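In case it helps, the working numbering puts the sequence shown at residues 68 to 324.
Cβ atoms here follow ideal geometry from the backbone N, Cα and C, with glycine treated the same way.
Since the model is a prediction, treat every value here as computed from it, not as a measurement.
Okay, so here's the structure we're looking at.
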Amino acid sequence: MKRAWLIAALFLGGCVTADVVTPDVVRDIAPSGRLRAAMNYGNPVLAQRDVAAPRGVSPDIARELARRLGVPLDFIPYDAAGKVSADATRGTWDIAFLARDPERAKEIQFTPPYVVIEGAYLVRDNSPLKANEEVDRPGVRISVSRASAYDLYLSRVIKAATLVRAPSPPASVELFVNERLEALAGVKQPLIAYAASHPGYRVLPGRFMVIEQALAIPHDRPLAARYLNDFIDELKASGFVAASREKSGQRDAAVAP
């Protein structure tokens, strides 16, 4: 009797255990019958291109969601988060993996974050800049990827420095190097890797922001939002996110609380 009541309660909630998903929830998440997952390869901490199939915590979450929904999965490739968010109202994707931001929230619904990463600055070895707080000063030009989480954040907080925008994270690196800008803003881990392989550069200590990466869907999908909030919380609690992070070698990305 208790078991029957529990099953009924789960179905009535529109949300479920690991593998039970109601048809209306499936339709709300993947209206076409296929799950189209936007994949931003501009952030290698979360997704890495591979000849066989994408690797990383974001592709793993997409695969697990498609498995539970019982639908085929299509990866929609992007090279910058700003391009993903720009497609939010164009019907190009069903789910995306983006940093939570109030500007993006005008057109996108976010789950709780699944990992937390950091925004940092790359400068030249001979730069007088020693701390994150010193970057916001007149004459400092900061290269950023357009509409990235750190671009949106810095657009709100920078008062004296100048933001110079490029169309993608790799392009922002080229802009910083070729135009000899004073700083490059980006996700900390790729900047550390760049400095390690390119003598003459260093990453400022600490961070200038915390980036909360979440699963995103278009607005006005209430059943999808409710299911996916619980889905992400379950993947964190079960160790799925931590295991995926370890498998992809991105141990510096902390699992969100």
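DSSP places G186 in the strand class (E or B) of the three-state scheme.
The beta carbon of V308 lies closer than 7 angstroms to those of V124, Y181, V182, L302, V322 in the same chain, with the five residues before and after it left out.
Counting along the chain, I225 sits inside no alpha helix (DSSP H), nor does DSSP assign it H or E at all. For F275, no alpha helix (DSSP H) run applies, since DSSP gives it neither H nor E. A Cβ-Cβ separation of about 5 angstroms places P139 in contact with R101 under the 8 angstroms criterion.
In the same chain as A104, and ignoring 5 residues on each side of it, the C-beta atoms closer than 6 angstroms to its own belong to A129, F142, I162, in chain order. Taking all protein chains shown into account, P90 has fewer than 16 neighbouring C-beta atoms within 10 Å of its C-beta and is therefore exposed. For D161, the three-state secondary structure derived from DSSP is coil. Counting along the chain, no alpha helix (DSSP H) covers R208; the unbroken beta strand (DSSP E) around it starts and ends at 208-212. At the C-beta level, A187 and F275 come within 8 angstroms of one another. The residues D95, I96, Q176, in chain order, have a CB closer than 8 angstroms to that of R288 in the same chain once the five nearest residues on each side in sequence are set aside.
As DSSP reads the structure, P144 sits in a beta bridge with M106. Between R191 and G273 the beta-carbon gap is near 18 angstroms, outside 8 angstroms, which marks them as no contact. Taking C-alpha positions only, A120 is separated from K314 by approximately 14 angstroms.
When secondary structure is reduced to three states using DSSP, P237 falls in the helix class. Only residues of its own chain outside the window of five on either side were considered, and among them Y108 have a CB closer than 6 angstroms to the CB of R116, listed in chain order. Sorting P234, A252, S215 by C-alpha distance to the C-alpha of A228 places A252 at the top. Taking the Cβ atoms as the reference, V270 lies roughly 6 angstroms from L189, within the contact range of under 8 angstroms. Distance from the Cα of G316 is smallest, within the candidate group R232, E201, A114, D300, for A114. Among the bridge pairs identified by DSSP, Y268 is matched with R191. In its chain, beyond the 5 residues on either side, E174 have a beta carbon closer than 6 angstroms to the beta carbon of T156.
Straight-line spacing of the CA atoms in E279 and E246 works out to 30 angstroms. Under the three-state reduction of DSSP, V322 is assigned to strand.
In terms of Cα proximity to I184, the closest of A250, I299, N110 is N110.
Checking the DSSP bridge columns, you'll see G253 partnered with A187.
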